[in-house]
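Numbering (the numbering used here), first residue to last: 2 to 238.
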């Protein structure tokens, strides 16, 4: 399937006046960095899933009401078939690298969740993509790409802004590994979204890497009890 090059659809009134760019830049910083910092301070140790679902719902309402937003980007699953081979190769290489790294540095954690609690692991594999991955992609890809295009453009600047915000939000888990790893993942997912204009495809890739993380033994860094280094007791974010 051939996908047209990415182009932000804009209303003629959105001609990037300097005041509008400044306002949106401040809003971006306040929402994704200020909001995250405040949340970490007042809601430490609580699951972020409820807040994420509220934010994703609000973003969806905003996008569906925006006359210049291409609603097809919220799904467009047909692009997955053409992207699947490259996604599989990258994920396979990552799986090998992460498995080796955990085996060498924290052997006791290797495949910890499926070994210790197969039911919980199966629940994560089913519900994580639905209640965590897709809502995150709505906020950090569809909403961010559309709302802040006047500030960051529609190329690598936007990819960087999306990856940085996505990485930083993981500071709520209280460790820099989740921030750094999510920043890299955010770049990958944003690049995929930019190329395909398919939130479904970007979400599939996000889910693939997330399920890999929780399977090989790195899930402890990506759930809301991570600051206490406790074992997972609820659906991770």
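Heads up, the beta-carbon is just placed ideally off N, CA and C, and yes, glycines get one too.
Note that the structure is a prediction, hence the values are computed from the model and not measured.
Could you pull the start and end residues of the alpha helix (DSSP H) that residue i belongs to?
i: residue 113; result: 113 to 117
i: residue 1; result: Given a span of 2 to 238 for the chain in the structure shown, any question on residue 1 remains unanswerable.
i: residue 151; result: 150 to 153
i: residue 135; result: 135 to 138
i: residue 76; result: Per DSSP, residue 76 belongs to no alpha helix (DSSP H) and is neither H nor E.
i: residue 51; result: 50 to 66
i: residue 172; result: No alpha helix (DSSP H) contains residue 172, which DSSP labels as neither H nor E.
i: residue 27; result: 19 to 30
i: residue 81; result: 80 to 106
i: residue 194; result: 177 to 197
i: residue 41; result: 36 to 43
Report all residues from its chain with a CB closer than 6 Å to the CB of residue i; omit the five preceding and five following residues, and keep chain order.
i: residue 113; result: 218
i: residue 208; result: 130 and 134
i: residue 178; result: 222
i: residue 232; result: Residue placement at residue 232 is poorly supported in this model, since its pLDDT is 43, which falls under 50; the coordinates still yield a value, given next. Here the set comprises nothing.
i: residue 29; result: 149
Compare the C-alpha of residue i against each of the options and name the closest.
i: residue 176; options: 221, 54 and 150; result: 221
i: residue 86; options: 214, 216 and 193; result: 193
i: residue 169; options: 34, 19 and 23; result: 34
i: residue 210; options: 92, 163 and 117; result: 92
i: residue 118; options: 20, 215, 223 and 197; result: 215
i: residue 75; options: 141, 213, 121 and 95; result: 141
i: residue 184; options: 198, 167, 172 and 197; result: 167
i: residue 59; options: 145, 101, 90 and 181; result: 145
i: residue 78; options: 203, 213 and 212; result: 203
i: residue 182; options: 153, 155, 39 and 213; result: 213
i: residue 148; options: 49, 18 and 63; result: 63
i: residue 186; options: 40, 106, 132 and 95; result: 95
Confirm, please, whether the CB-CB distance from residue j to residue i is below 8 Å.
i: residue 53; j: residue 136; result: yes
i: residue 143; j: residue 81; result: no
i: residue 72; j: residue 66; result: no
i: residue 128; j: residue 174; result: no
i: residue 206; j: residue 88; result: yes
i: residue 139; j: residue 31; result: no
i: residue 37; j: residue 172; result: yes
i: residue 155; j: residue 84; result: no
With a CB to CB cut of under 7 Å and the five nearest residues on each side skipped, what residues in its chain are close to residue i?
i: residue 160; result: 188, 191, 192 and 195
i: residue 1; result: Since the first residue of the chain shown is 2 and the last is 238, residue 1 is not available in this structure.
i: residue 153; result: 159 and 162
i: residue 51; result: none
i: residue 40; result: 52 and 173
i: residue 107; result: 218
With a threshold of 8 Å on Cβ separation, who are the neighbours of residue i within its own chain once the five nearest residues in sequence on each side are excluded?
i: residue 229; result: Summary for residue 229: the model assigns pLDDT 48, below 50, so the residue's position carries little reliability; its value from the coordinates is reported in the next sentence. 46, listed in sequence order.
i: residue 19; result: none
i: residue 99; result: 213, 214, 217 and 219
Given the structure, does residue i come close to the ligand FAD, in the sense that its CB is under 7 Å from one of the ligand's heavy atoms?
i: residue 22; result: Looking at this structure, you won't find the ligand FAD or any other ligand, since it has none at all.
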